[in-house]
Structure formats: C-alpha cells, structure tokens
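In our numbering, the protein residues as written are 584 to 691. Note that beta-carbon positions come from the ideal geometry of N, C-alpha and C, so glycine has one too. Only one structure is covered here, and it is reproduced in the block below.
As structure tokens, this is what we get:
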C-alpha cells in the first residue's frame, strides 16, 4: 500500500530473467481482469523495449501500450524494431510520451 488512497504498488527486485522465465503457471498477469475490478487503472512498467524482451512478453496481458521515449537519446537501429512492434500491436498502441524534455527546448 502507499500513502495515496486507492494506490498500490506491486514490485520486485531487478534481475536478468524475463517474466516468462520466472513467473509461475497462474501468475498475476493472468489475473489482471480480477484486479481490474478493484482498480480503475493498472499500469505496468517494463524494461526497455529495445534491449529486453519483458515488454513484448507482457504486452499480451494488457489492454493498452504507451511507448515512452527519452528526449535526451538519439534514434538507434534497434528503435526501428521497437516502433514496428508497437505499430503491429494494432489497437493496443495508445500513443507515446516524450520524457525528459527540457523547458528551454520547448516552443510555446
């Protein structure tokens, strides 16, 4: 539980295994519809789509995908595969967030 009413965080320590490698047969992601009865939104943060398979594995259990891009990074060849993945997810792809934008780089 958190100090914010109705907000709960479920987490784990970092590691090098993917969800498919460590989760039991009847894991929490298969129970999301039941959790959805208790919460308005369930947000799942996953490792970088470019470097780890976690996001791709978890995408089968979610209703929507939001791509978060760091404004301080430049496009790499691996980004093409990630963009193709989210575009291929069809209606699940909700949109993108450009993170870490500096105020002096914004035009009003």
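> What is the rounded straight-line gap between the Cα of residue 625 and the Cα of residue 605?
Replying inline: Each residue's Cα considered, the two are about 21 Å apart.
> Which residues in the same chain as residue 641 place their Cβ atom closer than 7 Å to its Cβ, once the five residues preceding and following it in sequence are excluded?
Replying inline: These residues qualify, in order along the chain: 602, 612, 627, 629.
> For residue 701, does the count of other Cβ atoms within 10 angstroms reach 16, so buried, or fall short, so exposed?
Replying inline: Here the chain covers residues 584 to 691 and nothing more, so residue 701 does not appear.
> What separation, rounded to the nearest whole angstrom, lies between the Cα atoms of residue 684 and residue 657?
Replying inline: 13 Å
>> Can you tell me where the alpha helix (DSSP H) holding residue 653 begins and where it ends?
In response: Looking at the DSSP string, residue 653 is not in any alpha helix (DSSP H); the run it does join, the beta strand (DSSP E), is 648-653.
> Among 689, 691, 647, 681, which residue has its Cα nearest to the Cα of residue 671?
Replying inline: 647
> Can you list, in chain order, the residues of its chain whose CB lies under 6 Å from that of residue 632, leaving out five sequence neighbours each side?
Replying inline: 638, 665
> Cβ atoms of residue 652 and residue 675: under 8 Å apart, would you say?
Replying inline: Cβ atoms of residue 675 and residue 652: not closer than 8 Å.
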